[in-house]
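Here's the structure we're looking at; comments come further down.
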Amino acid sequence: ILHSRVLWILIWKYRSIYLKQSFYILFVLSCSTCFILVVQDILFARVFQYFPQFCEPLAEFVKNYSIFPAIYYPLQQHLHCAQPIIQILLTVNRMSCVLHPWKYSQMWKQFMPYAICLVLFSPFLFIWNIIISPKTPVYTFGGFYIGYDRVVIWATMTLFMLILRAITIVITAICTFVTVLRLTRMSKRLVSSERTLCVASFLISACFLGTAGAESIFAFQVVRTSTNISYFLLPISWDILNVGTPIVMVLASSQLRKHVFGNFKRSRSNSKVEDVTIVTGI
């Protein structure tokens with residue numbers, strides 16, 4: 002519900018205000034990705050995994066109607082690959098804002114079409130083996146999840162995601178360090194105006210790092226060799242990232258919080274929503 006509410010505010014209700022800012026355009030991409038993943042989990046992944054009574058008929062459905070896993074699984078992995086790319090763009094966005102505050106808007110206005118294309122198309126560099134490989138149910142814990150029989154043996158999704166996450170962590174760490182260092186040398190007025198989005202970006206980065214850590218445990222089989230706890234850690238870390246992203250932004254930005262919850266209260270009381278002027282800071 003919060004995902005859909007935030008997206009409605011950003012894309013429709015106040016699009017003329019929010020979508021003028023490059024950070025919020027990137028955040029819309031992030032929130033949209035998280036929203037689709039949450040819907041997929043609720044409707045399919047968690048039903049497949051945690052409802053054993055549906056396991057047999059649903060597994061037969063997946064086997065008999067190959068078009069479903071052929072769309073569902075590549076889309077899921079595409080979105081998982083898009084998240085680190087969006088994370089890189091968000092941290093670079095904040096760094097460029099504090100390094101070049103006067104040229105920042107024009108720079109990102111010119112670069113934004115390329116950034117959107119990067120998010121949409123670069124994941125195919127990582128999921129191509131999934132697309133060409135047959136998808137099958139993999140049974141575990143009384144349920145199942147959709148996996149794939151690799152056509153190209155060495156091209157594992159775990160390896161690709163580990164590389165992508167590692168690159169993202171390095172870039173995030175560098176950009177965050179530069180951003181914080183630059184903020185300490187800026188005037189109080191500029192620091193105040195940039196504080197909200199920087200804090201939001203840092204908190205989203207923290208959610209992302211938790212997911213990267215869980216995926217690293219799974220990839221290196223640190224836990225999996227002796228127990229099955231990694232199979233539970235990974236979905237939980239995804240939940241924290243997917244659900245936490247809009248929550249972090251709403252908590253960090255008073256203006257967005259006012260639009261999300263203030264308008265909801267006014268609409269329930271049939272009050273007229275007044276025009277507001279949005280600012281970058283809290």
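Each residue of the sequence shown is one higher than the one before, counting from 2 in our numbering.
C-beta: ideal position from N, C-alpha, C; glycine also.
Could you compute how far the alpha carbon of residue i sits from the alpha carbon of residue j?
i	j	result
Thr169	Trp239	16 Å
Tyr19	Gln256	10 Å
Gln54	Gln41	20 Å
Val139	Asn130	17 Å
Val63	Gly144	13 Å
Lys21	Thr159	37 Å
Val153	Arg6	42 Å
Ala167	Ala156	17 Å
Pro236	Val244	12 Å
Val224	Thr212	Because Val224 carries a pLDDT of 44, less than 50, the predicted location of this residue cannot be relied on, and the following value inherits that uncertainty. Looking at the two C-alpha atoms, the distance is approximately 15 Å.
Ile10	Leu38	20 Å
Phe49	His79	20 Å
Gly282	Pro102	Confidence in Gly282 is poor, its pLDDT being 37 and thus under 50, which makes the residue's placement too unreliable to answer from.
Ile26	Ser134	34 Å
Thr226	Leu234	Bear in mind that the predicted position of Thr226 carries a pLDDT of just 45, short of 50, making it too unreliable to give a figure here.
Ser17	Phe28	15 Å
Leu44	Pro75	16 Å
Arg47	Ile2	18 Å
Ala174	Ala253	20 Å
Leu113	Gln107	As written in the sequence, residue 113 is Met, which differs from the Leu given in the question. Met113 and Gln107: Cα-Cα distance of roughly 10 Å.
Val249	Ile132	33 Å
Phe262	Ile12	16 Å
Quick test of your reading: residue i and residue j, contact by CB under 8 Å. State the CB separation rounded to the nearest angstrom.
i	j	result
Val99	Thr180	5 Å
His4	Phe36	4 Å
His260	Tyr105	So it is not a contact: roughly 23 Å between Cβ atoms.
Ile87	Leu163	With 8 Å as the limit, Ile87 and Leu163 do not qualify as a contact, their Cβ atoms being about 18 Å apart.
Leu242	Phe209	6 Å
Cys32	Thr246	6 Å
Phe127	Leu165	6 Å
For residue i, which of the options has the nearest alpha-carbon?
i	options	result
Leu91	Asp150, Glu57, Ser206, Ile241	Ser206
Asn94	Ala83, Thr212, Ala253, Trp109	Trp109
Tyr73	Gly263, Lys136, Val171	Lys136
Ser67	Pro247, Pro124, Ile147	Ile147
Tyr115	Phe142, Ser23, Cys56	Ser23
Phe178	Ser97, Leu8, Tyr51, Thr34	Ser97
Cys176	Ile117, Phe122, Thr185, Ile89	Ile89
Phe52	Arg183, Phe142, Leu182, Arg258	Phe142
Pro85	Gly263, Asp150, Phe161	Phe161
Phe125	Ala83, Glu61, Gln107	Ala83
Gln77	Thr34, Phe262, Gln107, Ile248	Thr34
With which residues is residue i paired in a DSSP beta bridge?
i	result
Phe145	Tyr140
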